[in-house]
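Below: one structure, written as structure tokens.
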Amino acid sequence: MKNNHKKVDFLVIGSGIAGLTYALKVAKEGTVLIVSKAKADETSTKYAQGGIAGVWNSPDSFNKHINDTLIAGAGLCNEEIVKMVVSEGTERIKELINWGTSFDKEKDGSYALGREGGHSENRIFHKKDATGKEIERALLKKAKNHKNIELIEEHFVIDLITQHHLGEKVFRKREDIKCFGAYILNSKSNEIFTVLSKVTMIASGGAGNAYRTTTNPIVATGDGVAMAYRAKAMVENMEFIQFHPTSLYNPGEKPSFLITEALRGFGAILRNHKGEAFMEKYDERKDLAPRDIVARAIDNEMKRRGNSYLFLDCTHLNSNELIQEFPGIYAKCLSIGIDIRKEMIPIVPAAHYMCGGIKVNKDGCSSINNLFASGECSSTGLHGANRLASNSLLEAVVFSHKASIKSIELVKNIEWENNVPSWDDEGLVYNEQLILITQTQRELQNIMNSYVSIVRSNLRLERAMNRLNLIYNETEDLYKKSKLNKELCELRNTINVAYLIVKMAQVRKESIGLHYSIDYREKKK
Ligand SMILES: Cc1cc2nc3c(=O)[nH]c(=O)nc-3n(C[C@H](O)[C@H](O)[C@H](O)COP(=O)(O)OP(=O)(O)OC[C@H]3O[C@@H](n4cnc5c(N)ncnc54)[C@H](O)[C@@H]3O)c2cc1C
Numbered sequence: 019m020k021n022n023h024k025k026v027d028f029l030v031i032g033s034g035i036a037g038l039t040y041a042l043k044v045a046k047e048g049t050v051l052i053v054s055k056a057k058a059d060e061t062s063t064k065y066a067q068g069g070i071a072g073v074w075n076s077p078d079s080f081n082k083h084i085n086d087t088l089i090a091g092a093g094l095c096n097e098e099i100v101k102m103v104v105s106e107g108t109e110r111i112k113e114l115i116n117w118g119t120s121f122d123k124e125k126d127g128s129y130a131l132g133r134e135g136g137h138s139e140n141r142i143f144h145k146k147d148a149t150g151k152e153i154e155r156a157l158l159k160k161a162k163n164h165k166n167i168e169l170i171e172e173h174f175v176i177d178l179i180t181q182h183h184l185g186e187k188v189f190r191k192r193e194d195i196k197c198f199g200a201y202i203l204n205s206k207s208n209e210i211f212t213v214l215s216k217v218t219m220i221a222s223g224g225a226g227n228a229y230r231t232t233t234n235p236i237v238a239t240g241d242g243v244a245m246a247y248r249a250k251a252m253v254e255n256m257e258f259i260q261f262h263p264t265s266l267y268n269p270g271e272k273p274s275f276l277i278t279e280a281l282r283g284f285g286a287i288l289r290n291h292k293g294e295a296f297m298e299k300y301d302e303r304k305d306l307a308p309r310d311i312v313a314r315a316i317d318n319e320m321k322r323r324g325n326s327y328l329f330l331d332c333t334h335l336n337s338n339e340l341i342q343e344f345p346g347i348y349a350k351c352l353s354i355g356i357d358i359r360k361e362m363i364p365i366v367p368a369a370h371y372m373c374g375g376i377k378v379n380k381d382g383c384s385s386i387n388n389l390f391a392s393g394e395c396s397s398t399g400l401h402g403a404n405r406l407a408s409n410s411l412l413e414a415v416v417f418s419h420k421a422s423i424k425s426i427e428l429v430k431n432i433e434w435e436n437n438v439p440s441w442d443d444e445g446l447v448y449n450e451q452l453i454l455i456t457q458t459q460r461e462l463q464n465i466m467n468s469y470v471s472i473v474r475s476n477l478r479l480e481r482a483m484n485r486l487n488l489i490y491n492e493t494e495d496l497y498k499k500s501k502l503n504k505e506l507c508e509l510r511n512t513i514n515v516a517y518l519i520v521k522m523a524q525v526r527k528e529s530i531g532l533h534y535s536i537d538y539r540e541k542k543k
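Going by my numbering, the first residue of the sequence shown is number 19, and it counts up by one from there.
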């Protein structure tokens, strides 16, 4: 079997904006394998509506964008990283444009820059309300045409390969751990094979599916963070889960359909069931306050009045412009019987973005040698305790660029590790009870929604941890006894990530940014 190991220079886990931009850059120096666990375009990137933030011209400036990012991050951003991302971001956006991404323009040919919550200027490059779809289209087309890039869909990366898989029992110092590639499951045939890589990039996106209500597509199960954590990489800031204040309230729909912040930037107003606008009570920036403030305000209004949802009102806006700017939202709402020109949109907050993740330095290097991370699975220091809207696509392009430079520098001095054993699942059988997996997944999502969402407390976190321990043990047991399938691996990873969220939330003894606990309310900045 060893002879069957596939060898590549660069292994890229994920085909969203982070994986594709990195792959396109390193491909000039060697062979690249991109692995996607679903169809290649089934990514959070594809669902991004609002756009990508970038400083283009005055009256905007790098300083203003830096300042907005720092304010949103509630004092926990790494200022050096914020400056780097903002000041290098404009070049990366130009690159996306040169690679075929088309952003909306004004009649005079200048870019039509939008504004979202927390931004002091108009700086969001967008394509109507389907920006991510346009970016994903352009990048995928370019990657598929590249002679050095192979892209395999419906393949699931199970685990990273490190010295641990070579049979080493002694615990190494963190800085000595090396990544040699990954074990990959063909989701159709259920065969597992080994890929040896000189450099590996994790660009596996977020973990919204740890929660019952999420805007994230079903691929977002935190696999990259879980596999990096198992390989003993440093993971941080997992307590900072951003809830998008406004997803469409449509019970049973998965993922929850996002109503972009840009709609509030356009003039839409949040209202309670009495039709009252309430944001003024919570923040002087009203409906355009940062997301955590808006989400908590909605949560509070719903709890006070016992409502399951509130409203976003567009009925006072110019109908033609509304439909022209937000055709996707208009069509989606109409499909469930709501004409947004005449009726208010029912909304509810939903888990949306993971600010923490695999800790990386300014070059995208994780704490494991030859292992990089970029995009939503990484923790770069940009977001601090809260992400500023539309900064995540920007973070991904800047860090994938940085990582590509470092990877190209490193790859020349790395050899494949030839002593890696094949995956051994002899004697194991397929678990016939898929229902156990679905049921546990539901339990997990309920635990996270009930005890670890927008408002937390020490008691709620303790309850969550007790319940997680039970399903963790049951799932590990199943994992050890079963031949693997994608569903079981995803469940195991999501439980791992949920554990990290709860653990890190328990350690943070303050209310800050996205981590809000009623036990530390008085310490809030
Ligand atoms: C509805 C919605 C709207 C958003 N709007 C905006 C916005 O307007 N602006 C903004 O900046 N951000 C926005 N975001 C956030 C942003 O879209 C994401 O953070 C970003 O696209 C993440 O990109 P990524 O490349 O890191 O991961 P993704 O685009 O999610 O790609 C992840 C990839 O990893 C693959 N993968 C995962 N695990 C495995 C595995 N085990 N094996 C193999 N492959 C694997 C997946 O198949 C997928 O290809 C939005 C997110 C959502 C969900």
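A virtual CB, placed ideally from N, CA and C, is assigned to each residue, including glycine.
Item	Value
Mind checking which residues open and close the alpha helix (DSSP H) that includes serine 105?	97-116
Taking the alpha-carbon positions, what's the phenylalanine 284 to arginine 133 distance?	8 Å
Give the secondary structure of methionine 19 by DSSP, where H, G and I count as helix, E and B as strand, and everything else as coil.	Note that methionine 19 scores a pLDDT of 41, beneath 50, so its modelled location is shaky; the value from the coordinates is reported in the next line. Methionine 19 falls in the coil class under three-state DSSP.
Provide the residue span of the alpha helix (DSSP H) that contains glutamate 154, from first to last.	149-162
Pull up the distance between the alpha-carbon of arginine 478 and that of valine 470, whole angstroms please.	7 Å
Do histidine 137 and alanine 407 have their C-beta atoms closer together than 8 Å?	yes
Look up aspartate 537 in the DSSP assignment and give the residues it is bridged to.	Aspartate 537 is not bridged to any residue.
Flag this pair as touching only if the region 261-269 and the region 361-370 have three or more C-beta atom pairs under 8 Å; answer yes or no.	yes
Does the beta-carbon of glutamate 98 have 16 or more other beta-carbons within 10 angstroms, so that it is buried, or is it exposed?	exposed
Excluding the 5 residues flanking arginine 481 on each side, which residues of the same chain have their C-beta closer than 6 Å to its C-beta?	Tyr469
Starting from the Cα of isoleucine 333, find the closest Cα among Gly223, Gly226, Ala156 and Arg289 and give me that residue.	It should be noted that the sequence gives threonine, not isoleucine, for residue 333. For threonine 333, the nearest C-alpha among the options comes from Arg289.
Flag glutamine 524 as yes when its Cβ comes closer than 7 Å to any non-hydrogen atom of ligand 1, and as no otherwise.	no
Here's the rule: buried if 16 or more other CB atoms are within 10 angstroms of the residue's CB, otherwise exposed. What is glutamate 444?	exposed
Glutamine 524 to threonine 398, Cα distance in whole Å?	22 Å
Which value, in whole angstroms, describes the spacing of the CA atoms of arginine 526 and lysine 377?	17 Å
Measuring alpha carbon to alpha carbon, tell me which residue in Pro439, Gly531 and Ser120 is nearest histidine 23.	Pro439
Which runs of the beta strand (DSSP E) spanning at least 3 residues fall entirely within the region 348-393, listed in chain order?	363-372, 375-377 and 389-391
Here's the rule: buried if 16 or more other CB atoms are within 10 angstroms of the residue's CB, otherwise exposed. What is lysine 20?	With a pLDDT of only 46 at lysine 20, under the threshold of 50, the placement of this residue in the model should not be trusted; the figure read from the coordinates follows. Exposed: under 16 other Cβ atoms inside 10 Å.
Between the alpha carbons of aspartate 310 and glycine 34, how many angstroms are there, rounded?	25 Å
Do you know offhand how far isoleucine 142's Cα is from glycine 69's?	6 Å
For histidine 262, name the three-state secondary structure that DSSP assigns.	strand
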